[in-house]
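S.K.:
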Amino acid sequence: MTVLVTGATGCVGGNLAEVLIGKGHRVRALVRPGSDTGFLRALGLELCPGDLGDRASLARAVTGIDVVFHCAAVVSDWASLEEMHRVNVEGLKNLLDACEGVKLKRFVYMSSMVVLGMGAQNNLDESASYVATGDNYNTTKIEAEKLALECARERGIPVTVVRAPYVYGPRDRQMFPRILAYLKNGRYAFIGGGTNPFSLVYAKNLADGLIRAAESPGAVGQIYNITDGVAVTRRELINLMADRLGLPWPKRNISYPAARVICAVCETVAKVFRLKTAPLLNRFRLKFMYTPLTFDISKARRELGYGPAIPFEKGIEETIEWFKSQIPNQKSQRGK
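With our numbering applied, the sequence shown has no gaps in its numbers, which climb one by one up to 697 at the end.
Written out as structure tokens, the structure reads:
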């Protein structure tokens with residue numbers, strides 16, 4: 362099939378494009394001018410210059426396409442509502458409008474577990490209700506997911522929604538780089554002991570889930586959770602990363618009540634001084650480091666035939682090897 366991937370210069374879209382090429386599909390990537398496209402060029406796929414705000418470029422991008430994988434989004438814990446709405450909601454609407462009249466087999470929208478809010482989430486499935494928290498990312502992803510599903514119901518666009526938790530893998534610019542920086546400088550601290558579980562998904566497992574969502578006849582109008590199928594604690598993840606990189610295990614720990622106070626102070630200072638960069642600790646980072654976040658993938662197993670092909674430990678190994686390849690001169694700092 363001929364597919365369009367948005368967000369192909371990112372972790373999710375890039376790994377998806379790589380898997381699609383490996384399966385023999387023809388891949389077109391919508392790329393903004395000035396983007397780093399070296400990896401995509403090496404894959405040999407078709408580059409289509411454009412932007413989610415440029416309707417003419419979107420019309421060109423979807424011409425002759427069988428399946429759209431919409432992975433592009435502003436993912437940030439501190440970007441403005443205007444910026445996020447422009448890309449996450451208006452950009453999605455523009456792309457859906459461009460697809461009207463195109464004989465698509467599927468439009469797969471890449472969503473996020475962030476639509477389920479900031480509180481503890483224990484083995485939630487796709488029937489869980491939206492939880493609006495008022496933060497910009499949560500607000501725009503809920504609005505975008507509702508828009509995508511509305512188009513499936515009312516406009517006949519064959520939309521399927523895939524939700525993912527925290528994603529890791531080669532070319533990750535969100536999770537691993539931040540953790541690695543704190544591990545390397547010895548500043549990483551667990552919160553509440555780091556013993557609460559959470560679900561992750563390796564980018565290539567996610568790619569498999571996205572492709573299955575595109576190919577399953579009964580998936581139109583449906584939502585699917587895609588994870589690695591196991592829950593790990595923060596301490597297990599961080600210590601494994603430290604081991605594989607030859608770095609010491611973190612020993613520092615901050616109690617959850619203390620972390621909440623620090624979080625409130627950091628966010629207040631950042632807002633008062635209108636800082637452009639995220640504070641050291643905010644609600645999103647506190648959620649990542651402490652809150653129980655696990656999800657049920659039974660529906661994807663049952664209806665898509667999805668099963669995480671790459672076990673968590675192997676996914677972590679491959680991710681770490683990729684990051685190590687980016688810092689070949691790093692010296693071991695092992696010594697717990």
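We put the beta carbon where it would ideally sit given N, CA and C, even for glycine.
Relative to the alpha-carbon of Glu444, which residue among Glu628, Val388, Lys502, Cys460 has its alpha-carbon at the smallest distance?
M.R.: The option with the nearest alpha carbon to Glu444 is Lys502.
S.K.: Please confirm whether Arg605 has its beta-carbon closer than 8 Å to some beta-carbon of chain D.
M.R.: Judged by its chain identifiers, the structure shown contains no chain D, having just a single protein chain.
S.K.: What does a CB cutoff of less than 6 Å around Ile426 pick up in its chain, not counting 5 residues either side in sequence?
M.R.: The residues are Thr363, Leu365.
S.K.: Report the option in His431, Gly385, Ala580, Met479 whose CA atom is closest to the CA atom of Val492.
M.R.: It is Met479.
S.K.: Please list the segments of the alpha helix (DSSP H) lying wholly inside the segment 585-662, counting only runs of 4 or more residues, in order along the chain.
M.R.: Fully enclosed alpha helix (DSSP H) runs of 4 or longer: 595-606, 617-633, 644-651.
S.K.: Got a sec? Which residues, its chain only, sit under 6 Å from Ile584 by beta carbon, not counting five neighbours each side?
M.R.: These residues qualify, in order along the chain: Glu487, Val522.
S.K.: Count the C-beta pairs between the segment 564-580 and the segment 644-652 that are closer than 8 Å, then say yes if the count reaches three, no if not.
M.R.: The answer is no - the segment 644-652 does not touch the segment 564-580, with fewer than three Cβ pairs under 8 Å.
S.K.: In three-state DSSP terms, what is Ala505?
M.R.: DSSP places Ala505 in helix when its eight states are reduced to three.
S.K.: One question on the structure: do Ser472 and Glu515 come within less than 8 Å of each other, judged by their Cβ atoms?
M.R.: It is not a contact, given that the beta carbons lie outside the stated cut-off.
S.K.: Please work out which residues of its chain come closer than 6 Å, Cβ to Cβ, to Arg532, disregarding the five sequence neighbours upstream and downstream, and give them in chain order.
M.R.: Excluding positions up to five away in sequence, the list reads Cys372, Gly375.
S.K.: Check whether the Cβ atoms of Ala620 and Leu642 sit closer than 8 Å, and answer yes or no.
M.R.: Taking 8 Å as the Cβ cut-off, Ala620 and Leu642 qualify as a contacting pair.
S.K.: Based on Cα-Cα distance, which residue from Thr629, Arg605, Leu606, Phe468 lies nearest to Ala513?
M.R.: Closest option to Ala513, Cα to Cα, is Phe468.
S.K.: Ignore the nearest five residues each way along the sequence and tell me which others in Gly676's own chain have a CB closer than 6 Å to its CB.
M.R.: Excluding positions up to five away in sequence, the list reads Tyr563.
S.K.: On the criterion of 16 or more Cβ atoms from any shown chain inside 10 Å, does Ala592 qualify as buried, or is it exposed?
M.R.: It is buried - the Cβ of Ala592 has at least 16 other Cβ atoms within 10 Å.
S.K.: Return the chain-ordered list of same chain residues with a C-beta closer than 8 Å to the C-beta of Val463, the five sequence neighbours on each side being excluded.
M.R.: Excluding residues within five positions, the ones whose Cβ falls inside 8 Å are Val423, Thr424, Ile426.
S.K.: Measuring alpha carbon to alpha carbon, tell me which of Leu477, Gly411, Asn499 ends up nearest Asp438.
M.R.: Residue Asn499 is the option with its Cα nearest to Asp438.
S.K.: In angstroms, rounded to a whole number, what distance separates the CA positions of Phe400 and Glu682?
M.R.: Rounded to the nearest angstrom, the two C-alpha atoms are 17 Å apart.
S.K.: Are there three or more Cβ pairs, one per stretch, closer than 8 Å when the segment 451-460 is compared with the segment 622-635?
M.R.: In short, these stretches do not touch, since the Cβ pair count stays below three.
S.K.: Over the uninterrupted beta strand (DSSP E) stretch that includes Tyr529, give me the two end residues.
M.R.: Where Tyr529 is concerned, the enclosing beta strand (DSSP E) stretches over 527-529.
S.K.: If I follow the unbroken beta strand (DSSP E) through Asn546, where does it start and stop?
M.R.: No beta strand (DSSP E) holds Asn546; DSSP gives it neither H nor E.
S.K.: When DSSP builds the beta bridges, which residues end up paired with Ile552?
M.R.: Note: Ile552 sits in a beta bridge opposite Ile615.
S.K.: Taking DSSP's pairing of strands, which residues face Met471 in a bridge?
M.R.: Looking at the DSSP assignment, Met471 forms a beta bridge with Val523.
S.K.: Apart from the five residues on each side of it in sequence, which residues of its chain come closer than 8 Å, Cβ to Cβ, to Gln482?
M.R.: Correct list, in chain order: Met474, Ala489, Thr652, Pro653, Leu654, Thr655, Phe656.
S.K.: Within 10 angstroms of its Cβ, does Glu379 collect 16 or more other Cβ (buried), or is it exposed?
M.R.: Its Cβ being crowded by 16 or more others within 10 Å, Glu379 is buried.
S.K.: With distance defined between alpha-carbon atoms, name the residue in Arg402, Lys545, Pro558, Arg548 nearest to Asn484.
M.R.: Checked all of Arg402, Lys545, Pro558, Arg548; the closest Cα to Asn484 is Pro558.
S.K.: Looking only at DSSP bridge pairs, what is Leu561 linked to?
M.R.: Answer is Tyr527, bridged to Leu561.
S.K.: Grouping DSSP H, G and I as helix and E and B as strand, with all else coil, what is Thr500?
M.R.: Note: Thr500 maps to helix in three-state DSSP.
S.K.: Counting C-beta neighbours from all protein chains within 10 Å, is the total for Leu567 16 or more, i.e. buried, or is it exposed?
M.R.: It counts as buried.
S.K.: Look at the Cβ atom of Ala390, then the Cβ atom of Leu406, and state whether they are nearer than 8 Å.
M.R.: Yes.
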